[in-house]
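Per the UniProt record's numbering, the sequence shown runs over residues 1 to 100.
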Amino acid sequence: MDISSGEESEFSDSEITEYKDKPYEQLRNGTPKVKYPGGIFKYPFCAGKKKQNFKYKDLHQHASGVSKGSSNRSAKQKANHLALTLYLENELADEAEKPL
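Structure follows, in structure tokens:
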């Protein structure tokens, strides 16, 4: 199944959950990098976006929102956002409490 074609398709939540495993492991291994010195977080999946630097809270809110909704997103995009949400919650949760 080609999920990178950009075509709109209906995917079940279980399929999206399966797709998130690879990007989650990549995040855990440090590639791509999310956390930078000075409490700065960068969205790792869209290099062309205007805004690159985020606070933890803002990045988590964005990733969580896209992974749960946005019917015009592909399964790959939702899976990447779900992986990022889980990575932030499981691996970097202590960063949410740190002041900038």
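The C-beta atom is built at its ideal place from N, Cα and C for all residues, glycine as well.
| Query | Result |
| --- | --- |
| Simplified DSSP assignment, three categories, for Y36 | strand |
| Beta-carbon proximity check, Y19 vs K68, cutoff 8 Å | no |
| Cut-off 7 Å between Cβ atoms - residues of its own chain near A83, not counting five sequence neighbours on either side | K20, P23, Y24, L27 |
| Buried or exposed (CB count within 10 angstroms, at least 16 for buried), K78 | buried |
| 6 Å CB neighbourhood of K42 in its chain, flanking five on each side removed | Q52 |
| Buried versus exposed, by CB contacts within 10 Å (16 or more), A93 | exposed |
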